[in-house]
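Chains as they are written, first to last, in the numbering used here: chain A, 334 to 769; chain B, 38 to 213.
All residues carry an ideal CB built from backbone N, CA and C; glycine is no exception.
Report on the structure given below.
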Amino acid sequence: MEIRAIGCEPLQLKRMHIENGHTLRVYQETGGYTSLKKALGMTPDAIIQEVKDSALRGRGGAGFPTGMKWSFVPKETPKSKFIVCNADESEPGSFKDRYLMERDPHSMIEGMIIAGWALGAKTGYIYTRGEYKYLIDIMDVALAEARSAGMLGRNIFGSGFDMDIHTHTGAGAYICGEETALLSSLEGYRGHPRLKPPFPAVEGLYASPTVVNNVETFTSVPQIIEMGGIAWRDLGTEKSGGTKLWSISGHVKKPGVYELPMGYADMEKFIMEDCGGMLRDDKKLKAVIPGGSSVYIMNAGQIIGQNVPLDYEGLVAAGSMLGTGGMMVMDETVDIMETTKNLSEFYKHESCGWCTPCREGTDWIVKIFNRIADGGGRPEDAKLLLDICDNIEGKSFCPLGDAAAWPVQSAIKQFPEDFRTWLADKTAGNGVMPNV
Amino acid sequence: MAAATPTSYTDKILYSTEVAEFSPAIIEEMRSHVAKYPADRSRSALIPLLMLVQRERGWVDNAGVNFLAKFLGLEVTDVWETATFYSMFNLRPVGRHHIQICKTLSCRIMGEPDITEHICSKLGIHPGETTEDGKFTVTMVECLGSCGTAPMMQVNFDYHEDLTIEKVDKILADAE
């Protein structure tokens with residue numbers, strides 16, 4: 334598997350190939366914790382301004398501007414504030430955070446401490462999916478190193494600021510990547526999302542002001558403090574600042590984690606050249622899901638010759654989304670309806686059951702796919718599936734419902750022939766698909 | 038929702054009052070988890086402690102749940118409420134080697150069906166079942182964040198990636 338930067342100096346991936354890059358010693362030898370020292374000499378407002386200037390957008394999938402999220406935390410409050418790192422990486426297609434935690438855990442910790450100082454939070458939690466047990470062990474060691482060297486605990490670097498950070502394990506629930514469900518889980522409850530507002534910045538963990546950010550968001554913070562927000566932004570585009578990690582998997586020769594400047598041109602070059610092109614030379618590109626399973630699937634015609642820039646705006650214009658940057662590539666051997674069924678099973682399994690549209694809708698989508706697969710397809714099935722999606726999308730409690738509807742909607746829209754053929758093959762009748 | 042949740046666990050909740058016992062070292066480890074959270078928020082430690090109970094007892098059973106309810110000052114139903122939500126908690130015994138095969142998209146298109154077929158026919162069980170000697174359980178799971186090294190499986194907490202039939206044979210042969 335490849336891990337490398339293309340079109341930029343490695344920032345997120347700076348320590349990926351340095352021996353013992355996960356240790357405090359090597360981290361400091363390569364410039365680590367200098368940003369924290371610098372930040373402790375800055376005012377909290379100045380730090381938040383740098384993060385705003387950087388145009389950093391949350392790397393967990395939603396892409397919300399981080400500086401704005403931070404500015405929602407009330408300055409004056411009698412309550413304790415909390416910093417939470419969302420290390421629940423569970424989006425199908427995404428595996429970048431794993432390598433950040435494995436090989437450079439101090440970057441994330443440094444980012445969290447800077448956030449703590451900027452927002453006045455003295456406690457941080459790293460919520461990690463339970464399957465990443467070996468990473469929790471690595472982070473526990475890193476936190477202990479930071480504590481004994483004075484980066485955590487009382488009077489950090491003589492600044493008078495106190496903070497500690499703890500690891501916390503999840504136990505297998507995709508929904509806990511949604512920030513309010515994560516907070517419910519961190520309180521020891523089922524991972525049910527909460528109504529917003531109030532937003533976590535005002536009432537989050539234990540009903541106290543809380544900032545929840547993704548691992549890669551926190552690892553960006555020391556870079557921003559070191560370089561300055563504007564300089565970091567200018568690595569990317571005006572609206573999508575900095576560099577971004579992409580996880581690429583499926584039918585390419587060189588799957589892996591790639592760091593690209595935001596706005597990298599273009600998607601076709603990235604897949605066909607940087608990632609080595611199609612896994613099997615005689616098979617053509619058929620489909621790409623560019624941002625993790627929760628975004629619209631794209632057909633080859635939306636990519637080849639289209640000059641799609643890899644940033645938030647570019648992928649929206651091309652008919653999909655950046656999401657977490659978990660890019661899954663499929664060649665012509667893939668049956669798009671089988672892959673859509675596979676993702677629908679995922680969402681059915683991971684729906685938390687809290688709200689009816691998502692709980693019932695995801696179940697019905699899978700039931701219909703199964704009925705078709707078993708030979709019971711009906712001409713009206715495309716319309717029926719789209720009807721169900723319409724009853725989930727925008728009507729569920731949290732974005733999981735949208736994420737479940739989009740793969741089905743986009744697969745039927747971008748691959749109507751596949752659906753028609755699939756239905757015809759599986760149906761005793763004529764398999765005619767009505768106009769959708 | 039945990040799809041593999043057996044429906045029978047409710048019987049055990051109602052009828053068992055057995056409380057598990059743990060060594061002082063394990064109790065100490067439990068306290069170190071509780072200490073991470075504010076004093077009046079010890080329920081936050083519930084999931085880490087359920088993980089610990091499962092590690093020590095092999096699965097999340099009545100006695101372990103009853104212990105945690107007492108230890109954290111919760112109702113038994115509070116503990117079950119949380120335990121039954123998360124797919125990593127085994128609500129019935131599993132084999133010593135819990136083989137969890139990722140079935141989500143990237144693994145699916147990179148060869149997971151062949152791997153699953155091979156493992157199941159070799160062990161003579163279906164997904165969701167345990168071998169008679171109690172050595173292996175096979176479970177199909179959703180994405181484990183190893184898409185670039187697909188297909189993959191996790192055996193207990195160990196990641197096995199870029200799987201081939203040969204690799205799988207070696208993993209099974211090396212399992213005690």
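Query, Result
"Can you tell me whether DSSP reads B/CYS139 as helix, strand or coil?", "strand"
"Tell me the residue span of the alpha helix (DSSP H) that contains A/GLN382.", "377-386"
"Which residue or residues does DSSP assign as beta-bridge partners of A/MET661?", "A/SER582, A/ILE622"
"Say whether chain B places a C-beta atom closer than 8 Å to the C-beta of A/ASN724.", "no"
"Pick from A/ALA744, A/GLU601, A/GLY659: whose alpha carbon is nearest that of A/GLU671?", "A/ALA744"
"Can you name the residues that DSSP bridges to B/HIS25?", "Residue 25 of chain B cannot be examined here, being either before or after the span of chain B that is shown, 38 to 213."
"Helix, strand or coil, according to DSSP, for A/PRO767 in the structure here?", "Any reading at A/PRO767 must be qualified, since the residue scores a pLDDT of 42, below 50, and its modelled position is unreliable; the value itself is stated next. Note: A/PRO767 maps to coil in three-state DSSP."
"Verify the CB distance criterion: does A/VAL741 have a CB-CB separation below 8 Å to chain B?", "no"
"Taking only beta-carbon positions, decide if B/ALA106 is within less than 8 Å of chain A.", "no"
"Closer than 8 Å is the cut-off here; do at least three beta carbon pairs connect the segment 180-192 of chain B with the segment 426-433 of chain A?", "yes"
"Taking 8 Å as the CB-CB limit, is A/VAL667 close to chain B?", "yes"
"Scan the segment 501-524 of chain A for residues whose Cβ lies nearer than 8 Å to a Cβ of chain B and list them as they occur along the chain.", "HIS501, THR502, GLY503, ALA504, GLY505, ALA506, TYR507, SER518, LEU519, GLU520, GLY521, TYR522, ARG523, GLY524"
"If you measure from the CB of B/LEU209, is any heavy atom of the ligand ATP nearer than 7 Å?", "Questions concerning the ligand ATP fall outside what the structure shown contains, since it holds no ligand whatsoever."
"So does the segment 147-157 of chain B actually touch the segment 108-118 of chain B, counting three or more Cβ pairs closer than 8 Å?", "no"
"Residues in its own chain within less than 8 Å of B/LEU89 by CB, not counting five upstream and five downstream?", "ILE63, GLU66, MET67, HIS70"
"Got a sec, what are the start and stop residues for the alpha helix (DSSP H) A/GLU464 sits in?", "Unbroken run through A/GLU464: none, as it is neither H nor E."
"By DSSP, does A/ILE637 sit in helix, in strand, or in coil?", "coil"
"In chain B, which residues lie with their C-beta within 9 Å of the C-beta of A/LEU618?", "Here the premise fails: no neighbours, minimum Cβ distance about 13 Å."
"Got a sec, what are the start and stop residues for the beta strand (DSSP E) A/TYR293 sits in?", "Any answer about residue 293 of chain A is impossible in this case: the structure gives chain A only from 334 up to 769."
"Using Cβ-Cβ distances below 7 Å, what residues of the segment 105-132 of chain B are close to chain A?", "GLU118, THR119, PHE122, TYR123, SER124, MET125, PHE126"
"Who are the neighbours of A/HIS499 on chain B, taking C-beta pairs under 7 Å?", "LYS73"
"Which residues in chain A have a C-beta closer than 9 Å to the C-beta of B/GLY148? List them in chain order.", "In chain order: nothing, as chain A lies at least about 11 Å away."
"State yes or no: is the beta carbon of B/ILE152 nearer than 8 Å to at least one beta carbon in chain A?", "no"
"For the structure I just gave you, are there three or more beta carbon pairs, one from the segment 711-725 of chain A and one from the segment 689-696 of chain A, closer than 8 Å?", "yes"
"Closer than 7 Å by C-beta to A/TRP739: which residues in its own chain qualify, once you throw out the five before and the five after it? Chain order, please.", "SER627, VAL628, TYR629"
"Given this structure, state the Cα-to-Cα distance separating A/SER492 from A/ALA479, to the nearest angstrom.", "16 Å"
"So with Cβ pairs under 8 Å, would you call A/GLY589 a contact of chain B?", "yes"
"Between which two residues does the beta strand (DSSP E) carrying A/VAL544 extend?", "543-547"
"Report the option in A/GLY503, A/PHE494, A/PHE679 whose CA atom is closest to the CA atom of A/LYS370.", "A/PHE494"
"Unbroken alpha helix (DSSP H) runs of length 4 or more, entirely within the segment 354-427 of chain A: which are they?", "357-362, 367-373, 377-386, 399-404"
"Under 8 Å, Cβ to Cβ, is there at least one residue of chain B near A/GLY486?", "no"
"Which of the three DSSP states, helix, strand or coil, is assigned to A/MET496?", "strand"
"Hey, would you say A/GLY575 sits closer than 8 Å to A/LEU568, going by beta carbons?", "yes"
"Quick one: give me the first and last residue of the beta strand (DSSP E) that A/ARG337 is part of.", "335-338"
"DSSP on A/GLY762, reduced to helix/strand/coil?", "With a pLDDT of 46 at A/GLY762, under the threshold of 50, the modelled position of that residue is not reliable, and the figure given next carries that caveat. It is coil, neither helix nor strand."
"Using a Cβ cut-off of 9 Å, which residues of the segment 441-473 of chain A contact any Cβ in chain B, in chain order?", "THR456, TYR458, ARG462, GLY463, GLU464, TYR465, LYS466, TYR467"
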